[in-house]
Amino acid sequence: MSAPVAPAAAPAESPFVLDGLRAGAGDREVLRDLRFAAPRGAIAALIGAAGAGKSTALRLALGLARPTGGRALLLGRDLAAASSAERAATLQRVGVVWPGGALFPDRDVAGNVGFVLREVQRRPREEVARAVRESLLLVGLKHVEHLAVDELGDGVRRRVALARAVAHRPELLLLDEPAGGLDPIAADAVRELIRQLRDRLALSVVLLTRDPAWAFPIAEHAAILHAGRVAAEGSPAALRAAPDPAVQQLLAGRAHGPIEP
Amino acid sequence: MIAPALGQCRRVLFEAGPAVVAAAALASFAALAGDAAGASAGAPATAWPREAAPLVAALVACGPLAAARAGELARLRLDDQLDALRAMGGSAWRHLVAPRLLAGALALPVLVLLADAAGLGIAYLDWAPRAARWASAEGVGIGDVARGLVRGALFGAALAAVACAAGLAPPRPGRDGAARRAPRAVARAAARAGAGGAVAVLGLHVALGGGFSW
């Protein structure tokens with residue numbers, strides 16, 4: 001019943017590779033032999049229902065947790081096995097947007113957007129201020145540098161999170177539910193921004209989302225995650241034609257099917 | 262690190278409620294002075310700034326310094342901010358723990374000074390004649406106050422350490438996801454830190470040679 005699996009980029013060329021990844025939470029196995037490779041320079045989407053293991057895969061790829069089997073390669077490096085120096089160097093080439101933005105509440109917008117440049121890379125204050133302004137402009141924001149995070153609406157908060165993720169000009173942008181919880185207009189604006197950022201900054205992008213209808217208009221490559229592994233992979237058009245009942249249930253948004261609500 | 266630490270320090274002082282510290286100090290000092298002038302008549306007034314005022318201030322600060330900061334860190338972990346920090350190459354020690362330890366070590370001496378002032382103030386302003394006679398007879402000096410401030414700084418750092426340990430401890434794994442566990446996990450971390458902080462303060466008080474009947 002497996003759907004057509006389009007030829008993904010070879011692991012060595014892909015900036016984001018999940019290679020037979022296994023992981024558990026408590027006594028539950030969340031990921032079982034998960035295999036996925038995002039093509040370089042493309043917008044790829046890993047789509048799955050709530051609890052499918054998307055965020056777990058992201059944390060494993062970033063080296064924030066250790067897999068029970070397999071490996072995740074970020075820009076060719078297995079961060080779970082890398083030295084702290086290698087890990088730090090690789091993370092400087094990656095930008096991440098977390099669900100809800102995960103902005104630091106004790107810093108203002110400029111402090112959040114310039115965090116990597118100022119606190120990690122120790123760039124001069126003027127250079128950081130300029131990069132913060134430019135990054136905010138890239139996401140369509142002006143004169144918000146000194147606002148507190150709790151003064152921001154949801155849509156602006158996501159834009160600030162995007163600006164923070166690209167402020168240090170990464171090669172790879174990872175986004176976990178970048179539009180989750182937003183109204184359709186704000187969600188569309190975030191989607192358009194992601195496309196623009198990819199084009200302007202020549203990024204490789206990996207979206208992790210539960211909403212295929214949101215992801216398909218910009219995804220050039222996508223995989224549906226079900227029961228801890230990829231149920232179908234390919235272009236959005238190929239996935240729409242996939243016979244796998246879990247894929248069809250997710251795409252149709254039906255309560256009945258192999259995916260438990 | 263200094264700017265975040267000063268920000269944390271301001272929050273601790275604000276949340277501690279200077280009036281609460283002063284009220285606790287007044288009540289404790291009056292009880293101590295009354296007892297000293299009465300039945301036991303052996304307590305030196307220098308015990309107030311040296312030991313009792315730091316203890317009172319630290320126990321009052323278990324809420325704002327230990328429980329509240331632990332809840333804040335637990336919320337930060339559950340909202341993915343800790344992962345965001347680590348994924349950007351930031352350090353939990355440098356950006357979260359160290360500023361809180363420094364804030365604790367700075368904020369507690371301020372509360373101790375407040376407790377000193379509240380306690381010794383009622384004595385020297387002659388609002389409580391028996392307490393005044395007790396305090397002035399002992400000749401409380403600047404050295405006694407300084408020793409109490411150092412003790413307060415140690416208590417503050419200990420409370421902050423307990424808060425960081427409780428707040429940054431990994432949540433229990435579960436099927437329902439972080440969002441649904443969040444309120445309970447935050448409350449649990451705060452409760453653990455509040456109780457753990459009180460035990461740590463009392464333990465440190467004894468370890469530093471402090472007693473409970475002065």
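Residue numbers (this note's numbering), protein chains in the order written: chain A, 1 to 261; chain B, 262 to 475.
Heads up, the beta-carbon is just placed ideally off N, CA and C, and yes, glycines get one too.
is_contact[residue i, chain A] using C-beta, thresh 8 Å
{"i": "Gly413/B", "result": "no"}
{"i": "Ala348/B", "result": "yes"}
{"i": "Ala345/B", "result": "yes"}
{"i": "Asp405/B", "result": "no"}
{"i": "Arg271/B", "result": "no"}
CB contact check: residue i to chain B, cutoff 8 Å
{"i": "Phe16/A", "result": "no"}
{"i": "Ala82/A", "result": "no"}
{"i": "Val190/A", "result": "no"}
{"i": "Gly100/A", "result": "yes"}
{"i": "Val120/A", "result": "yes"}
{"i": "Arg66/A", "result": "no"}
{"i": "Arg263/A", "result": "Lying outside 1 to 261, the shown extent of chain A, residue 263/A is not represented and no answer is given."}
{"i": "Leu62/A", "result": "yes"}
For residue i, three-class secondary structure by DSSP
{"i": "Ala186/A", "result": "helix"}
{"i": "Val139/A", "result": "coil"}
{"i": "Gly180/A", "result": "coil"}
{"i": "Gly95/A", "result": "strand"}
{"i": "Leu152/A", "result": "coil"}
{"i": "Asp344/B", "result": "helix"}
{"i": "Asp106/A", "result": "coil"}
{"i": "Leu469/B", "result": "coil"}
{"i": "Leu292/A", "result": "In this structure chain A extends from 1 to 261, so residue 292/A is not present and cannot be described."}
{"i": "Ala280/B", "result": "helix"}
{"i": "Leu274/B", "result": "helix"}
Same chain, Cβ closer than 6 Å to residue i, five either side skipped, listed in chain order
{"i": "Ser204/A", "result": "Pro15, Arg40, Gly41, Leu172"}
{"i": "Arg408/B", "result": "Arg311"}
{"i": "Arg412/B", "result": "Pro315"}
{"i": "Ala335/B", "result": "Gly428, Ala446, Val447, Ala450"}
{"i": "Val109/A", "result": "Val144, Glu145, Leu147, Val160"}
{"i": "Cys323/B", "result": "Gly455, Gly458, Ala459"}
Within chain A, partners of residue i - CB distance below 7 Å
{"i": "Asp377/B", "result": "By Cβ distance, chain A contributes nothing, its closest Cβ being about 30 Å from Asp377/B, past 7 Å."}
{"i": "Gly268/B", "result": "Asp106"}
Neighbour list for residue i in chain B, Cβ cutoff strictly below 7 Å
{"i": "Val113/A", "result": "Correct list: empty, because the minimum Cβ distance to chain B is about 11 Å."}
{"i": "Ala246/A", "result": "Within 7 Å Cβ-Cβ: nothing; Ala246/A doesn't reach chain B, min ~18 Å."}
Proximal residues of chain B, C-beta to C-beta of residue i below 8 Å
{"i": "Leu197/A", "result": "None at all; the shortest Cβ gap to chain B is about 17 Å."}
{"i": "Leu91/A", "result": "Ala348, Met349, Gly350"}
{"i": "Ala215/A", "result": "In chain order: nothing, as chain B lies at least about 20 Å away."}
Contacts that residue i makes with chain A (C-beta to C-beta distance below 9 Å)
{"i": "Pro265/B", "result": "Asp106, Arg107"}
{"i": "Gly351/B", "result": "Phe115, Val116, Glu119, Val120"}
Below-8 Å beta-carbon distance, residue i vs any chain C residue
{"i": "Val96/A", "result": "Reference to chain C is not applicable here, since the protein chains of this structure are A and B."}
Under 8 Å from the C-beta of residue i: neighbouring residues of chain A
{"i": "His356/B", "result": "Glu119"}
Same chain, Cβ closer than 7 Å to residue i, five either side skipped, listed in chain order
{"i": "Ala421/B", "result": "Leu326, Arg330, Arg361, Leu362, Ala364, Gly365"}
{"i": "Pro261/A", "result": "Ala255"}
Closer than 9 Å at the beta carbon, the chain B residues around residue i
{"i": "Ala88/A", "result": "Gly350"}
Other residues of its chain near residue i: CB distance less than 8 Å, five sequence neighbours each side excluded
{"i": "Leu64/A", "result": "none"}
{"i": "Phe104/A", "result": "Gly111, Asn112, Phe115, Val149"}
Task: alpha helix (DSSP H) runs contained entirely in the region 190 to 260 of chain A, provided each spans 4 or more residues - done: 212 to 215, 236 to 240, 245 to 252
Task: 4 or more residues per run - each alpha helix (DSSP H) lying fully within the region 15 to 81 of chain A - done: 54 to 61
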